[in-house]
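Numbering (the working numbering), first residue to last: 7 to 576.
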């Protein structure tokens, strides 16, 4: 009996993908999964890192490394009735790029930095559509306009490095739809983007899907996004499909514990539970949605002890102009705020708003060009390097990327002991080692981690190591610079719970920098909104989210993905 291909453009059956680790061992990345992508619809493939969702999409595209990949003998991937796995490499190349195309997660590593974007889009058209250079340029200009690139006649000759992250992703989308494919695979296309750019990209993909009657396989770890774009949802974990169905059915009545966990791990705009639920709470049966009834209250109260008072902080960068001149770029312009002891200031804004520069300038990793930052009455900005050394350990930073912020040649023990030795914390190495082991326990890592290297840990575990390193200094202020943005929603919940527990225990003050407004709402007592280097609004968290005053703040809040309630029943 022949399978029915009339309603399904893509049919994946019993897909098994394993990778060779060495001559004897293999790792099963995808374990006999099956799913369909109907014609003219959007299917979301959801799961955390390591779930197998991206491997599945790369198997469809034929982009898995042939030398160490094993595809199961009973696996089949049918596209419009044709088995992709039975095709030759030449046949697959013709199909993938023309009828099937893909938007990759990181545009900067996917676009060639030494060719203009026009050349790279035109190359697709020349390769798959047989156009000459003149025809390809005309079509490229139309594509750039279609995906919303400003001034396409100018941008067509720009290099990727001359464009913003959102514009680079739009170029990737233009390249993907150049040949009007039947199936578009979007692999985490908005993960690294600001909330407003994310909304624009989501709306663009939905618009193009409808206009070109494409099918879309949308891969993400964020169920909030799924509710805004998908018709069907497939939930994956550890290489297996845990649940699949229409989007409303999955959101209204999830059957699998893992799906329920993904839905509830992400901070909500409507409540602020004392502790965020994590995956383990659902998988071991100890959690039921809504079981946590205690709510955290946020906000400033009169008479609080301010540990940091910042007044008119400014930072400019200079570039050479001509032979003797220089051009000034004001990254931070007269920023003022107070930070009470044991409270959290959320700093939000798009890329380029100056929020990270504020944090780095307070830490004197950038030299301020104006203003004051009083820490217990002493100006951090005006101190000499010798004077600042005594304050250096009292204000620390957790960087965004846990993969780049830890020395790969040091063990975790060395990473923790080094700052204590530099700042003479502890009477000797024996006491410091005992303190390091205690901190590992505090951040939820086993004692065995002390002897291991950073590459042996997951992203969430590395961020815990980075937090433990900060705590070795016994700081009073932590600058958290997008410290959970690279993490899966469940790992993000674990780290947020950890940060909150540490604040409750040690009365730490946080400057919490993020473009994720749901996370900021959960963590912050007060929120500072930055735009083009300036503070455009500063208010207590609940008040700002309930009644934003500035148009830019309103635009940011309106772009937050809110999931199923914002869409019509499908």
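Ideal placement from N, C-alpha and C gives every residue a C-beta, glycine not left out.
Selected residue, minimal CA-CA separation from residue i, among the options
| i | options | result |
| --- | --- | --- |
| residue 262 | 437, 255, 248 | 248 |
| residue 372 | 282, 379, 363, 378 | 363 |
| residue 410 | 461, 423, 378 | 461 |
| residue 464 | 54, 27, 28 | 54 |
| residue 429 | 548, 394, 45, 459 | 394 |
| residue 497 | 286, 412, 370 | 286 |
| residue 47 | 235, 83, 228 | 235 |
| residue 340 | 348, 322, 84, 190 | 322 |
| residue 14 | 96, 94, 223, 214 | 223 |
| residue 64 | 111, 173, 86, 88 | 111 |
| residue 565 | 107, 182, 200 | 200 |
| residue 4 | 541, 528, 542 | The requested residue 4 is not part of the displayed model; the chain covers only 7 to 576. |
| residue 375 | 353, 405, 337 | 337 |
| residue 72 | 214, 437, 84, 23 | 23 |
| residue 420 | 406, 407, 495, 435 | 435 |
| residue 493 | 142, 197, 192 | 197 |
| residue 119 | 174, 215, 437 | 174 |
| residue 56 | 214, 476, 413, 243 | 243 |
| residue 104 | 452, 93, 385, 67 | 67 |
Coil, strand or helix - residue i by DSSP
| i | result |
| --- | --- |
| residue 102 | strand |
| residue 279 | strand |
| residue 377 | strand |
| residue 137 | coil |
| residue 242 | strand |
| residue 252 | strand |
| residue 306 | coil |
| residue 574 | For residue 574, the pLDDT reaches just 43, beneath the cut-off of 50, and the residue's location in the model is therefore unreliable, although a value from the coordinates is still provided. Looking at residue 574 - three-state DSSP - the assignment turns out to be coil, as it is neither helix nor strand. |
| residue 607 | The question about residue 607 has no answer, for the chain in this structure spans 7 to 576. |
| residue 16 | strand |
| residue 295 | Below a pLDDT of 50, predicted positions are generally treated as unreliable, and residue 295, at 45, falls in that range; no measurement from the model is reported. |
| residue 122 | coil |
| residue 287 | helix |
| residue 144 | helix |
| residue 564 | helix |
| residue 197 | coil |
| residue 10 | Here the model assigns residue 10 a pLDDT of 47, short of 50, so the residue's position is not dependable, and the following value carries that caveat. In this structure, residue 10 counts as coil in the three-state DSSP scheme. |
| residue 132 | helix |
| residue 207 | helix |
| residue 266 | helix |
| residue 543 | strand |
Beta-carbon proximity list for residue i, same chain, < 6 Å, skipping 5 on both sides
| i | result |
| --- | --- |
| residue 315 | 344, 380 |
| residue 368 | 379 |
| residue 400 | 481, 482 |
| residue 231 | 567 |
| residue 478 | 422, 425, 426 |
| residue 544 | 534 |
| residue 191 | 63, 108, 223 |
| residue 267 | 285, 288 |
| residue 489 | 404 |
| residue 327 | 333 |
| residue 300 | 280 |
Alpha-carbon to alpha-carbon, residue j and residue i
| i | j | result |
| --- | --- | --- |
| residue 481 | residue 502 | 18 Å |
| residue 302 | residue 115 | 41 Å |
| residue 576 | residue 347 | Any reading at residue 576 must be qualified, since the residue scores a pLDDT of 42, below 50, and its modelled position is unreliable; no value is offered. |
| residue 17 | residue 264 | 24 Å |
| residue 158 | residue 259 | 45 Å |
| residue 146 | residue 70 | 29 Å |
| residue 530 | residue 351 | 5 Å |
| residue 509 | residue 397 | 20 Å |
| residue 217 | residue 202 | 22 Å |
| residue 181 | residue 535 | 34 Å |
| residue 274 | residue 524 | 6 Å |
| residue 485 | residue 366 | 9 Å |
| residue 507 | residue 220 | 47 Å |
| residue 415 | residue 500 | 27 Å |
| residue 254 | residue 387 | 53 Å |
Same chain only: Cβ atoms within 8 Å of residue i, ignoring 5 sequence neighbours per side
| i | result |
| --- | --- |
| residue 177 | 113, 117, 123, 126, 127, 150, 153, 155, 166, 169 |
Interface flag, residue i vs chain D, CB-CB below 9 Å
| i | result |
| --- | --- |
| residue 172 | Although the question refers to chain D, the structure presented lacks it and comprises just one protein chain. |
Neighbourhood of residue i by C-beta, 7 Å cutoff - its chain only, sequence neighbours within 5 removed
| i | result |
| --- | --- |
| residue 450 | 470, 504 |
| residue 25 | 32, 33, 35, 74, 75 |
| residue 440 | none |
| residue 560 | 554 |
### Query
Counting only runs that start and end within the stretch 320–367, where is the beta strand (DSSP E) found for 3 or more residues in a row?
331–346, 350–354
### Message
Ignoring anything shorter than 3 residues, give me the beta strand (DSSP E) runs that lie fully in the stretch 459–537, in order along the chain.
### Response
483–487, 515–519, 532–537
### Query
Which runs of the alpha helix (DSSP H), 4 residues or longer, sit entirely within the stretch 372–448?
391–398, 418–428, 435–448
### Task
Could I get the ranges of all uninterrupted beta strand (DSSP E) runs contained in the stretch 30–75, with 3 residues as the minimum, in chain order?
32–44, 48–52
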